[in-house]
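**Q** Here it is, the structure, as structure tokens.
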Amino acid sequence: MDALPLLKVENLSLEFRTRSGTVRALENVSLEVGKGETVGIVGESGSGKSVLSFAVLRILDPAGRVTSGSIRFAGMDMLAAGEADLQEVRGREIAMIFQNPRTALNPIRRVGAQIEDVLRAHAATLREDLKRRVIETLARVRIPDPERRYAAYPFELSGGQCQRVMIALALACNPALLIADEPTTGLDVTTQAAIMQLVSELARERHMATILITHDLALASEHCDRIVVMHAGHVVETSPTRLLFERPCHPYTSRLIASTPTPEIAIESLASIPGNLPDLRRADLPSCRFYARCDRALDKCAAEPLPALSPGPGRRVHCFNPL
Amino acid sequence: MDTAAPLTSAATAAARPGWRETLAHVRYVATENPVTLGAFGLFLAFVALAILGPWLAPYDPLASDTARALQAPSARNWFGTDALGRDILSRIIVAARLDFGIAVSAVLASFLVGAALGSLAGFFGGWSDRLIGRLADTIMAFPLFVLAMGIVAALGNTVANIILATAIINLPFYIRVARAEVNVRRNAGYVDAARLAGNSDLRTLAVHVFPNVLPPMMVQISLNMGWAILNAAGLSFIGLGVRPPEAEWGIMVAEGATYIISGEWWVALFPGATLMLAVFCFNLLGDGLRDIMDPRMRT
Amino acid sequence: MNVLDCLELCKRFPVPRHGLLHAVDEVSFSIGQGESVGLVGESGCGKSTLVRLVTRMLDPTAGDIVYRGRNIGFIPARSFAGTQFRPKIQMVFQDPADSLNPRFTAFDAIAEPLRRLASMGDAAELRLQVAEAARRVGLAEELLPRFPHQLSGGQKARVGIARAIALMPDLLVLDEPTAALDVSVQATILKLLAELKRDLGMSYLFVSHDLNVVRMLCDRVIVMYLGKIVEQGPAGELFRRPAHPYTRALVGAIPAIGGRRRGRELLPGEPRSPINPEPQVCRFYGRCPREEERCRREAPPLREVAPGHAAACHFATQGPRIDG
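Chains as they are written, first to last, in this note's numbering: chain F, 53 to 375; chain D, 98 to 396; chain Y, 10 to 333.
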């Protein structure tokens with residue numbers, strides 16, 4: 053990994069003001085992504101993984117507020133940057149693809165026109181060249197019959213094809229970082245395989261860093277160099293992929309792995325995690341938000357601020373009683 | 098858990114959330130939003146006027162006293178007197194009952210019939226949808242005033258006929274809203290679940306889908322009330338339905354219109370302002386009503 | 010006697026100006042007493058339509074649906090609710106948030122089928138039955154007065170299951186029952202489903218896109234593609250040694266912890282159109298890594314490749330072991 057990380061999030065905390073209280077959505081979250089690296093952020097619903105990516109791009113809901121920490125992208129302070137600078141970065145340096153590709157595309161505009169928008173905004177392209185470049189981009193994401201699909205509306209395309217269009221949109225300007233937020237949730241498993249292979253290939257080709265946000269551990273294990281495990285707004289563990297699965301350190305990670313169905317295990321050995329996510333609006337949350345559901349919990353896990361242990365090279369775990 | 102264990106109080110109370118809970122919820126909604134609270138208060142004031150009108154009025158609204166005609170607002174007659182010496186404040190108070198009565202009757206009739214038709218059209222589709230759609234289109238072809246005049250000519254110039262005309266004109270509004278809302282929910286999982294539980298199509302529509310359609314319709318009903326009051330006033334302004342010496346806001350504005358030029362501004366202004374306040378109140382109330390009806394707001 | 014037999018079941022939808030969409034095309038299968046049959050396939054394969062046919066919410070265009078020897082396919086869907094069979098075939102829906110009426114409490118939701126289809130003596134007996142159903146699915150009694158938005162995902166899922174088993178059906182159709190749940194909750198629900206099947210002796214038709222889950226919970230599996238069954242067989246065997254090229258691609262595409270996309274066959278192109286399909290062309294033609302000229306002239310029938318294991322492919326043999 054390069055000495056200077058492309059994206060560095062340090063001790064980020066953020067909250068949402070809602071009708072029923074203040075939700076402490078993220079607390080002391082730290083994350084690093086190096087150039088060309090693929091990092092997976094894995095967590096269940098309510099873990100804060102999507103919120104983190106919105107925070108990086110500064111596209112949080114107005115009710116959200118960063119309370120501490122920093123986000124630096126290629127040296128630029130994202131939290132202090134003005135809207136004009138951010139607009140330069142969004143789409144050109146950092147691109148994002150979302151879940152539900154069909155709804156993420158504008159339903160009343162042809163896909164060719166949508167890709168042209170991006171090119172026109174960020175890449176100085178001559179008008180004559182626009183259409184040709186768009187068709188080239190569509191071909192590169194392996195959309196069959198790109199000349200005809202140029203004029204298609206999103207509803208005329210399948211879910212997989214829409215996702216390819218989104219990828220084309222995202223990569224139109226050769227960004228340094230691609231954030232993929234659950235890009236294959238809702239797609240068929242064969243389509244998922246094809247889309248993920250496309251993303252991996254394009255990332256490798258362009259030496260592009262990728263953040264893959266997913267709830268699917270197995271998917272992350274196949275495509276990521278490093279994995280960040282999140283729970284209820286905390287990062288609980290960070291580790292290179294293979295080590296994470298060979299020897300998970302955090303109790304949550306281990307239970308999560310044990311509750312993922314695999315071809316080998318029988319239903320009796322499938323683990324589950326008791327209890328529910330803590331209510332993040334409470335003011336009296338324990339230091340470790342997994343405290344109530346953990347079978348290795350100690351008294352100090354609720355009271356004292358969590359440590360940052362380093363059980364191995366490139367590994368970090370925030371736990372008083374790791375495995 | 099032993100199956101022979103006695104029923105706990107939780108299970109016994111598991112039927113419907115009681116009225117106590119509903120009242121608490123209403124209070125919550127009202128206090129959350131001061132505007133709603135204000136509108137609600139105003140609404141209650143109007144309802145009080147409508148119910149208690151005749152007892153609250155300081156003077157007899159029909160008693161004319163030509164000696165006191167066209168007196169400016171004073172300590173004696175807060176809103177002044179009209180051309181026949183009648184106290185305007187009293188007439189306004191008493192008129193609340195008539196205006197509200199007309200508006201509520203018309204809206205209720207049109208809501209009941211329109212929502213039923215619209216729901217059927219939205220749920221079953223096919224020929225019922227087409228038929229009801231054509232009906233709505235036909236009605237929409239008529240402007241209210243033309244239809245009212247037609248009905249008056251055919252059936253007579255009474256308040257009941259005005260209510261009928263207003264209700265008919267308003268029907269497509271509810272048909273459209275109900276149809277759209279039911280259509281959206283028609284394929285929801287719980288609709289299939291209701292069928293699996295043994296409900297007939299009609300029962301599924303009535304018991305399972307329609308109650309979910311009510312919250313969005315509440316806003317519509319409230320806005321509609323404002324429109325209905327305005328229309329009742331408008332029709333009597335041109336002489337249809339309510340006739341002198343009845344007190345009604347629209348007729349009072351009509352009577353006062355001729356006096357504006359000669360400087361007796363109060364004869365038209367006060368009834369007009371009351372009309373405006375009533376419509377305003379209903380428009381604001383719409384959101385609050387929907388929040389009360391929507392169980393998702395209950396936390 | 011089997012709980013369910015489907016014989017040459019067809020459902021065709023007219024598409025204006027285009028022709029007929031063959032959503033389900035001559036599908037035949039059976040579900041025995043206490044058996045758990047998995048139904049897998051990707052979007053457009055017809056499994057949702059098949060589910061609606063089996064639960065009698067939709068009428069077939071052709072073919073028979075037989076419940077314990079009685080032909081229920083002839084009963085129009087509209088009047089099925091009034092028959093004695095309605096309580097026997099029930100369903101657990103995919104999205105608990107969507108399948109629970111937002112205006113009904115958990116109690117109401119579970120009580121509804123009992124009110125409509127079971128003769129309850131009085132309110133007290135109804136409460137008893139609802140409490141019993143809730144107990145069976147591990148739903149705490151104090152949750153019964155709550156509305157869906159006040160329940161967690163796992164709790165909503167339990168309400169959906171309680172509602173479906175309240176009438177003690179013979180056949181329970183489960184349409185992606187854990188798809189909307191977090192993986193930590195999923196395990197509990199799956200174990201619950203396994204337990205219920207054992208205790209209540211129900212048969213399951215388990216529809217899921219998650220092949221690992223299907224493998225865990227099902228005795229036999231049916232694989233559908235474009236309205237047809239392309240393979241069916243015992244769960245373990247079908248996944249370990251898939252005979253049909255589509256099944257092979259499907260199994261190979263599942264991400265696995267520690268697996269690094271070994272020899273994964275990615276399917277090119279898009280599925281053929283289900284509208285007016287040519288009956289002599291194999292539905293998988295055009296995407297199949299194994300296809301030949303013959304596949305275009307002669308659509309392969311479903312043929313046994315091993316005891317209890319059949320596939321619709323000219324070249325079907327129990328393929329080499331796919332690891333895992």
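Idealized CB from N, CA, C, for every residue including glycine.
Hey, is R224 (chain Y)'s beta-carbon within less than 8 Å of any beta-carbon in chain F?
**A** In the third sequence, residue 224 (chain Y) corresponds to position 215, counting from 1. The Cβ of R224 (chain Y) sits closer than 8 Å to at least one Cβ of chain F.
**Q** Of all the alpha helix (DSSP H) runs that stay within the bounds of the segment 246 to 310 of chain F, which reach a length of 4 or more residues?
**A** 269 to 275, 293 to 298, 303 to 310
**Q** Whether or not the segment 38 to 50 of chain Y and the segment 205 to 223 of chain Y are in contact is what I'm after, with contact meaning three or more pairs of Cβ atoms, one per stretch, closer than 8 Å; do they touch?
**A** yes
**Q** Can you tell me whether F113 (chain Y) is buried or exposed, with buried defined as 16 or more other CB within 10 angstroms of its CB?
**A** As a working note, residue 113 (chain Y) is residue 104 in the third sequence. Classification of F113 (chain Y): buried, given that the 10 Å Cβ count is 16 or more.
**Q** Do the segment 14 to 23 of chain Y and the segment 367 to 381 of chain D make contact, defined as three or more Cβ pairs closer than 8 Å?
**A** no
**Q** To test your reading of the DSSP string, which unbroken beta strand (DSSP E) runs of 3 or more residues are found completely within the segment 102 to 189 of chain Y?
**A** 180 to 184
**Q** Beta-carbon separation of L181 (chain Y) and V101 (chain Y) under 8 Å?
**A** Against the third sequence, residue 181 (chain Y) aligns to sequence position 172. Against the third sequence, residue 101 (chain Y) aligns to sequence position 92. Yes, Cβ-Cβ distance for L181 (chain Y) and V101 (chain Y) is below 8 Å.
**Q** Within a Cβ cutoff of 8 Å, which residues of the same chain sit near G273 (chain D), ignoring the five residues on either side of it in sequence?
**A** Here residue 273 (chain D) corresponds to residue number 176 of the second sequence, with the count starting at 1. Inspection of the sequence shows that residue 273 (chain D) is occupied by Arg rather than by Gly. Result list for R273 (chain D): G215, A233, in chain order.
**Q** Given this structure, state the Cα-to-Cα distance separating R188 (chain D) from M237 (chain D), to the nearest angstrom.
**A** By one-based count along the second sequence, residue 188 (chain D) stands at place 91. By one-based count along the second sequence, residue 237 (chain D) stands at place 140. Rounded to whole angstroms, R188 (chain D) to M237 (chain D) spans 35 Å at the Cα level.
**Q** Kindly say whether E121 (chain Y), judged by its beta-carbon, lies nearer than 8 Å to any beta-carbon of chain D.
**A** Counting from 1 along the third sequence, the entry for residue 121 (chain Y) is found at position 112. Answer yes: the Cβ-Cβ gap between E121 (chain Y) and chain D drops below 8 Å somewhere.
**Q** Alpha carbon to alpha carbon, what distance is there between S128 (chain Y) and N373 (chain F)?
**A** For the purposes of this step, residue 373 (chain F) is taken as residue 321 along the first sequence, with counting starting at 1. For the purposes of this step, residue 128 (chain Y) is taken as residue 119 along the third sequence, with counting starting at 1. Distance between the alpha carbons of N373 (chain F) and S128 (chain Y): 56 Å.
**Q** Among the residues of its own chain, which have a CB less than 6 Å from the CB of R367 (chain F), if the five just before and after it don't count?
**A** In the first sequence, the residue the question calls residue 367 (chain F) occupies position 315. Excluding sequence neighbours, R367 (chain F) sits near S291.
**Q** Hey, R292 (chain Y) and R281 (chain Y): beta-carbon distance below 8 Å or not?
**A** Along the third sequence, read from residue 1 onward, the residue named residue 292 (chain Y) stands at position 283. Along the third sequence, read from residue 1 onward, the residue named residue 281 (chain Y) stands at position 272. Cβ atoms of R292 (chain Y) and R281 (chain Y): closer than 8 Å.
**Q** For the alpha helix (DSSP H) holding C304 (chain Y), just list the boundary residues, first then last.
**A** For this step, residue 304 (chain Y) is matched to residue 295 along the third sequence. First-last of the alpha helix (DSSP H) with C304 (chain Y): 303 to 306.
**Q** Got a sec: is the Cβ-Cβ distance from N221 (chain Y) to anything in chain F below 8 Å?
**A** To locate residue 221 (chain Y), count along the third sequence from 1; it is residue 212. Closer than 8 Å to some Cβ of chain F, the Cβ of N221 (chain Y) qualifies, so yes.
**Q** What are the start and end residues of the alpha helix (DSSP H) that includes Y287 (chain D)?
**A** Within the second sequence, numbered from 1, the residue matching residue 287 (chain D) stands at position 190. Per DSSP, Y287 (chain D) belongs to the alpha helix (DSSP H) from 286 to 293.
**Q** I think T242 (chain F) touches A262 (chain Y), with their Cβ atoms under 8 Å apart; what is that distance to the nearest whole Å?
**A** As a first step, residue 242 (chain F) must be located in the first sequence, where it is residue number 190. As a first step, residue 262 (chain Y) must be located in the third sequence, where it is residue number 253. At roughly 5 Å, the Cβ-Cβ gap stays under 8 Å, so T242 (chain F) and A262 (chain Y) are in contact.
**Q** Taking Q99 (chain Y) as the query, report the chain D residues whose CB atoms sit under 8 Å from its CB, ordered along the chain.
**A** The residue labelled residue 99 (chain Y) in the question sits at position 90 within the third sequence. Simply L293.
**Q** Determine, for L104 (chain D), whether the minimum Cβ-Cβ distance to residues of chain Y falls below 8 Å.
**A** On the second sequence, residue 104 (chain D) is found 7 positions in, with the first residue counted as 1. Here L104 (chain D) scores only 35 on pLDDT, less than 50, and its place in the model should not be relied on; the value that follows carries that caveat. Yes, contact with chain Y.
**Q** If we count the other Cβ atoms within 10 Å of its Cβ and call it buried at 16 or more, is W152 (chain D) buried or exposed?
**A** Start at 1 with the first residue of the second sequence, and residue 152 (chain D) comes out as number 55. The residue is exposed, with fewer than 16 neighbouring Cβ atoms inside 10 Å.
**Q** Can you pull the chain D neighbours of A90 (chain Y), defined as C-beta to C-beta under 7 Å?
**A** For this step, residue 90 (chain Y) is matched to residue 81 along the third sequence. Neighbours of A90 (chain Y) on chain D, chain order: R292, G295, N296, S297.
**Q** Just checking: is the beta-carbon of A246 (chain F) within a distance shorter than 8 Å of some beta-carbon in chain Y?
**A** Translated into the one-based positions of the first sequence, residue 246 (chain F) becomes position 194. Yes, contact with chain Y.
**Q** With R198 (chain F) as the anchor, note down where its alpha helix (DSSP H) starts and where it stops.
**A** Position 146 of the first sequence, counted from the start, is the residue given in the question as residue 198 (chain F). A small fix is needed here, since residue 198 (chain F) is Pro in this sequence, not Arg. Where P198 (chain F) is concerned, the enclosing alpha helix (DSSP H) stretches over 198 to 201.
**Q** Can you list the residues of chain Y that L308 (chain F) reaches, using a CB-CB cut of under 9 Å?
**A** Along the first sequence, one-based indexing puts residue 308 (chain F) at 256. Under the 9 Å cutoff, chain Y gives V192, S193.
**Q** With a threshold of 8 Å between beta carbons, is C305 (chain D) in contact with chain Y?
**A** Against the second sequence, residue 305 (chain D) aligns to sequence position 208. Looking at the sequence itself, residue 305 (chain D) is His, so the reference to Cys does not match. By this cut-off, H305 (chain D) is an interface position.
**Q** Between the Cα of V201 (chain D) and those of D:A291, D:A375, D:I326, D:V376, spot the shortest distance and give me the residue it belongs to.
**A** On the second sequence, position 104 is the one that residue 201 (chain D) refers to. Among D:A291, D:A375, D:I326, D:V376, the Cα nearest to that of V201 (chain D) is on D:I326.
**Q** Show which residues of chain F have a CB atom less than 8 Å away from the CB atom of E51 (chain Y).
**A** Numbered from 1 along the third sequence, position 42 holds the residue referred to as residue 51 (chain Y). D240, V241, T242, T243, listed in chain order.
**Q** Reducing DSSP to helix, strand and coil, say where I236 (chain D) ends up.
**A** Along the second sequence, one-based indexing puts residue 236 (chain D) at 139. I236 (chain D): helix per DSSP, three-state reduction.
**Q** Taking only three categories from DSSP, how would you classify I93 (chain F)?
**A** As a first step, residue 93 (chain F) must be located in the first sequence, where it is residue number 41. Looking at I93 (chain F) - three-state DSSP - the assignment turns out to be strand.
**Q** Which residues mark the beginning and the end of the alpha helix (DSSP H) in which I123 (chain F) is found?
**A** As a working mapping, residue 123 (chain F) is identified with position 71 in the first sequence. Run containing I123 (chain F): none in the alpha helix (DSSP H); it sits in the beta strand (DSSP E), 116 to 125.
**Q** Look at L78 (chain F) and V103 (chain F) and say whether their C-beta atoms are less than 8 Å apart.
**A** As a first step, residue 78 (chain F) is located in the first sequence; it is residue number 26 there, counting from the start. As a first step, residue 103 (chain F) is located in the first sequence; it is residue number 51 there, counting from the start. Result yes, Cβ atoms of L78 (chain F) and V103 (chain F) sit closer than 8 Å.
**Q** Let me know the secondary structure DSSP gives R26 (chain Y) once reduced to three states.
**A** Translated into the one-based positions of the third sequence, residue 26 (chain Y) becomes position 17. Coil.
**Q** Say whether chain F places a C-beta atom closer than 8 Å to the C-beta of G2 (chain Y).
**A** There is simply no residue 2 (chain Y) to check, as chain Y begins at 10 and stops at 333 in what is shown.
**Q** Do you know offhand how far D129 (chain F)'s Cα is from S65 (chain F)'s?
**A** The residue labelled residue 129 (chain F) in the question sits at position 77 within the first sequence. The residue labelled residue 65 (chain F) in the question sits at position 13 within the first sequence. Going by the C-alpha atoms only, they are around 16 Å apart.
**Q** When the Cα atoms are used, what is the spatial distance from F342 (chain F) to G92 (chain F)?
**A** Here residue 342 (chain F) corresponds to residue number 290 of the first sequence, with the count starting at 1. Here residue 92 (chain F) corresponds to residue number 40 of the first sequence, with the count starting at 1. So the two alpha carbons sit approximately 21 Å from each other.
**Q** The segment 89 to 101 of chain F: which residues have C-beta closer than 7 Å to a C-beta of chain Y, in chain order?
**A** E96, S97
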